[in-house]
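Asks:
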Amino acid sequence: MFDRPDLGDQAVLVSLDFGEADYEDGVSECLELIKGAGVAVTGLIKGKRQRPDVALFAGKGKVEEIAALVKATDANVVIFNHALGPGQERNLERVLQCRVIDRVTLILDIFAQRARSHEGKLQVELAQLTHMSTRLVRGWTHLERQKGGVGMRGPGETQLETDRRLLGLRVKALKDRLATVQKQRKTQRRSRDRSGLPSVSIVGYTNAGKSTLFNGLTKAGAYAADQLFATLDTTSRRLFINTDVSIVLSDTVGFIRDLPHSLVASFRATLEETISADLLLHVVDAANPMRERQVEEVNKVLKEIGADHVPQLMVWNKTDLRGLPPAILYDEYGAVEGVRVSALSGAGLELLREAIAERALATTHSQTTEKVDHYGTE
Ligand SMILES: Nc1nc2c(ncn2[C@@H]2O[C@H](COP(=O)(O)OP(=O)(O)OP(=O)(O)O)[C@@H](O)[C@H]2O)c(=O)[nH]1
Numbered sequence: 307m308f309d310r311p312d313l314g315d316q317a318v319l320v321s322l323d324f325g326e327a328d329y330e331d332g333v334s335e336c337l338e339l340i341k342g343a344g345v346a347v348t349g350l351i352k353g354k355r356q357r358p359d360v361a362l363f364a365g366k367g368k369v370e371e372i373a374a375l376v377k378a379t380d381a382n383v384v385i386f387n388h389a390l391g392p393g394q395e396r397n398l399e400r401v402l403q404c405r406v407i408d409r410v411t412l413i414l415d416i417f418a419q420r421a422r423s424h425e426g427k428l429q430v431e432l433a434q435l436t437h438m439s440t441r442l443v444r445g446w447t448h449l450e451r452q453k454g455g456v457g458m459r460g461p462g463e464t465q466l467e468t469d470r471r472l473l474g475l476r477v478k479a480l481k482d483r484l485a486t487v488q489k490q491r492k493t494q495r496r497s498r499d500r501s502g503l504p505s506v507s508i509v510g511y512t513n514a515g516k517s518t519l520f521n522g523l524t525k526a527g528a529y530a531a532d533q534l535f536a537t538l539d540t541t542s543r544r545l546f547i548n549t550d551v552s553i554v555l556s557d558t559v560g561f562i563r564d565l566p567h568s569l570v571a572s573f574r575a576t577l578e579e580t581i582s583a584d585l586l587l588h589v590v591d592a593a594n595p596m597r598e599r600q601v602e603e604v605n606k607v608l609k610e611i612g613a614d615h616v617p618q619l620m621v622w623n624k625t626d627l628r629g630l631p632p633a634i635l636y637d638e639y640g641a642v643e644g645v646r647v648s649a650l651s652g653a654g655l656e657l658l659r660e661a662i663a664e665r666a667l668a669t670t671h672s673q674t675t676e677k678v679d680h681y682g683t684e
C-alpha cells in the first residue's frame with residue numbers, strides 16, 4: 307500500500323555549512339548516498355548559515371538560487387543534506403514547485419531498495435510509515451476532535467482521515483507481523499546460545515567493508531557491493547577460528563551519521579544480535595578521511611541501542627589503499643586493541659583470527675567461571 311517515495315532521476319543537492327569541520331566530506335558522502343539511491347545529481351548548491359531558517363531552512367536568496375538551478379538543469383527533485391521539519395518541506399515544495407526530500411527520507415529510500423529479508427522489509431516499511439506520519443500530523447490535529455465511532459467510516463471522510471486510518475491499520479499489521487518474525491528469531495538465538503559458542507558481531511559505518519570481511523572470514527558469499535547499506539539484515543554463520551575455538555559470527559546493518567531514529571527503533575530487534583554479542587568487531591575504513599568521525603558515530607548508535615558495554619576489537623580495514631602492512635595493534639597495557647587488515651585481499655585475516663581466538667577464549671573462559679560460581683559445581 308505504501309509507495310516508496312519516487313525520487314525521480316534528476317536531483318539538485320543542497321548542503322549548507324553550519325560551521326562543521328568536515329563539511330566538505332559530508333557533501334561527498336551525500337553525493338555517494340544519492341548515487342546509491344540511483345538518482346543523478348544535476349547540480350549542487352552550497353552556502354553558509356548560522357542556523358536554519360524557520361520557514362524555508364535556507365535563506366530566501368538561496369532558495370531563489372535553488373529554484374533557478376532546478377529550472378536550468380531540468381531537475382525534478384531537490385534533496386537537502388539535512389533533516390527538514392514537515393513545515394519546511396511543505397513550504398519549500400510550494401516555492402520550488404517540485405518534490406523536496408530530506409536526508410532522512412533519502413536514507414529510508416535506500417534502505418527500502420536494499421532490504422532483502424522479510425523482516426528487513428517490514429522494518430524499513432515501518433520506519434517509513436513512522437516518518438511519513440510526522441509529515442501528516444499537522445493536518446490531523448483538527449481532525450482529532452471529529453473522531454467518531456469505531457469501525458469503518460462512511461462517505462464524506464476526508465482524504466487525510468482515510469490516509470491516517472489506513473496508515474494506522476498498516477502500522478498495526480506491520481507490528482504484528484514483525485512480532486511473529488522476531489519471536490522466531492529469538493528462538494533461533496536461544497538455541498544458538500545453548501550451543502555455548504561465543505557470539506561475535508561485525509559492526510561499522512556503512513561501506514567500511516563489513517560484508518567483505520564477513521565473506522573473507524567465512525567464505526559465505528554475503529552480498530558485498532560498493533554501495534552504502536548493501537547489508538540490511540543480520541546474517542549469522544558458525545566459524546571455526548582454529549582447532550580449539552569456534553564462534554558464531556554475525557554481519558549487521560551499516561551505521562551512518564544522522565541514522566533516522568525511526569529506523570534505529572524499527573531495527574532494534576535485528577540489532578539485538580549486537581547487544582547480546584560477546585565481542586564486537588568494529589570495522590573502520592582506514593582509508594576514509596572521515597574515519598575518526600565514523601568511529602564516533604558508530605559508538606553513538608551502539609550507545610543508543612544499549613550495546614556500548616560490549617567489548618570491541620577494532621578492525622582497521624582497507625589498509626591496502628594506504629599501503630599499510632597488516633599488523634596487530636596493542637594498547638598501552640599490552641592488550642590487543644585492534645588489527646590492521648585488508649578484507650578484500652585477505653591480508654591480515656590470519657592475524658585477525660588470532661586476535662578473535664584470544665578474545666573469544668577470554669569470554670568463554672569468563673562464562674565458564676561464571677557458571678561454576680553460579681552453580682557451585684564442576
Ligand atoms: N580496497 C579495498 N576495498 C575494500 C576492502 N574491503 C571492502 N572493500 C570494498 O568496499 C566496498 C564496501 O564493502 P562492503 O563489504 O559492502 O561494506 P559494508 O560495510 O558491508 O557496507 P554496508 O552494507 O553499506 O554497511 C566494496 O566495494 C568492497 O569491495 C579492502 O580491504 N580494500
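Under the working numbering, residue 684 is the last one in the sequence shown; the count climbs by one each step, no gaps. Beta carbons are placed, not taken as given, at the ideal position from N, Cα and C, and that holds for glycine.
Taking the DSSP output, what are the residues bridged to N623?
Replies: The partner list for N623 (beta bridge, DSSP) reads D591.
Asks: How would you label D637, buried or exposed, when you count the other beta carbons within 10 angstroms and need 16 or more for buried?
Replies: It is exposed - the Cβ of D637 has fewer than 16 other Cβ atoms within 10 Å.
Asks: Please report the straight-line C-alpha distance between D482 and L428, rounded to a whole angstrom.
Replies: Going from the Cα of D482 to the Cα of L428 covers about 10 angstroms.
Asks: Output the distance between the C-alpha atoms of L593 and A633, rounded to the nearest integer angstrom.
Replies: According to the sequence displayed, residue 593 carries Ala and not Leu. Distance between the alpha carbons of A593 and A633: 16 angstroms.
Asks: Whole-angstrom Cβ separation of V506 and I662, contact assumed at under 8 angstroms?
Replies: Rounded, the Cβ-Cβ distance is 6 angstroms, consistent with contact.
Asks: What I want to know is whether the C-beta of A514 ends up closer than 7 angstroms to one or more non-hydrogen atoms of ligand 1.
Replies: A514: yes, Cβ under 7 angstroms from ligand 1.
Asks: Out of V647, V604 and S552, point me to the one whose CA is closest to L577's CA.
Replies: Here the closest residue by C-alpha is V604.
Asks: Alpha carbon to alpha carbon, how far is V406 from E370?
Replies: Each residue's alpha carbon lies about 14 angstroms from the other.
Asks: Under 8 angstroms Cβ to Cβ from G365, same chain only, skipping five residues before and after it: list those, please.
Replies: For G365, where only same-chain residues beyond five positions count, the Cβ hits under 8 angstroms are G353, R355 and D359.
Asks: From the DSSP output, read off the bridge partner residues of F561.
Replies: In DSSP, F561 forms a bridge with Y511.
Asks: For ligand 3, is there any heavy atom lying closer than 7 angstroms to the beta carbon of T518?
Replies: In terms of ligand content, the structure shown lacks ligand 3 and carries ligand 1 instead.
Asks: One question on the structure: do D408 and A343 come within less than 8 angstroms of each other, judged by their Cβ atoms?
Replies: No, the pair does not count as a contact, with Cβ atoms beyond the cut-off.
Asks: In this structure, what does DSSP give as the bridge partners for Y636?
Replies: Answer is V642.
Asks: Judging by CA-CA distance, which residue of E326, S321, T440 and A317 is the nearest neighbour of M596?
Replies: Closest by alpha carbon: E326.
Asks: Taking the CB atoms as reference points, tell me whether Q394 and A418 lie closer together than 8 angstroms.
Replies: No, these two residues do not count as a Cβ contact at 8 angstroms.
Asks: Compare the Cα-Cα distances from N382 to each of P504, N397, V347 and S439 and report the closest residue.
Replies: Among P504, N397, V347 and S439, the Cα nearest to that of N382 belongs to V347.
Asks: Can we count N387 as close to ligand 1, meaning its CB is less than 7 angstroms from some heavy atom?
Replies: No - ligand 1 has no heavy atom lying nearer than 7 angstroms to the Cβ of N387.
Asks: What does DSSP give as the partner residue(s) for F546 in the beta ladder?
Replies: Paired residues: S552.
Asks: Tell me whether D382, by its Cβ, gets closer than 7 angstroms to a heavy atom of ligand 1.
Replies: Note that residue 382 is Asn in the sequence shown here, rather than Asp. Result no, Cβ not under 7 angstroms from ligand 1.
Asks: Give the DSSP bridge partners of Q618, in chain order.
Replies: Bridge partners of Q618: L586.
Asks: Below 7 angstroms, is the gap between the Cβ of A649 and the nearest heavy atom of ligand 1?
Replies: The answer is yes for A649.
Asks: Could you check how far apart the C-beta atoms of I351 and I385 are, in whole angstroms? I think they sit under 8 angstroms.
Replies: Contact flag wrong, Cβ pair sits at about 10 angstroms.
Asks: Do I547 and R659 have their beta-carbon atoms positioned less than 8 angstroms apart in this structure?
Replies: Yes. Within cutoff.
Asks: Got a sec, what are the start and stop residues for the beta strand (DSSP E) V318 sits in?
Replies: That run of the beta strand (DSSP E) goes Q316 to D323.
Asks: Is L605 near ligand 1, going by C-beta to nearest heavy atom under 7 angstroms?
Replies: The question names Leu, yet the displayed sequence has Asn at residue 605. N605 Cβ: outside cutoff for every heavy atom of ligand 1.
Asks: With C-beta atoms as the reference, is Q465 less than 8 angstroms away from D380?
Replies: No, Cβ-Cβ distance for Q465 and D380 is not below 8 angstroms.
Asks: For A514 and D614, which I take to be in contact (beta-carbon distance under 8 angstroms), what is that distance rounded to the nearest angstrom?
Replies: Not a contact, Cβ separation roughly 18 angstroms.
Asks: Would you kindly work out how many angstroms separate the C-alpha atoms of S556 and S517, rounded to a whole number?
Replies: Cα-Cα distance, rounded: 10 angstroms.
Asks: Skipping 5 residues on each side, what residues in its chain have a beta carbon closer than 8 angstroms to that of I340?
Replies: Taken in chain order, the residues that qualify are A317, L319, V347, I385 and L412.
Asks: Pick helix, strand or coil for V410, following the three-state DSSP scheme.
Replies: V410: helix per DSSP, three-state reduction.
Asks: Would DSSP call D331 helix, strand or coil?
Replies: DSSP places D331 in helix when its eight states are reduced to three.
Asks: Within the same chain, show all residues whose beta-carbon is closer than 6 angstroms to that of Y304, passing over the 5 residues directly before and after it, in chain order.
Replies: Residue 304 falls outside the range modelled here, since the chain spans only 307 to 684, and no answer is possible.
Asks: Looking only at C-alpha atoms, which of A389, D550, R496 and R357 sits nearest to P566?
Replies: The shortest C-alpha separation from P566 is found at A389.
Asks: When you compare only the Cα positions, how much space is there between K492 and L587?
Replies: Cα-Cα distance, rounded: 22 angstroms.
Asks: Among G349, V509 and L322, whose alpha-carbon lies nearest the alpha-carbon of L362?
Replies: The option with the nearest alpha carbon to L362 is L322.
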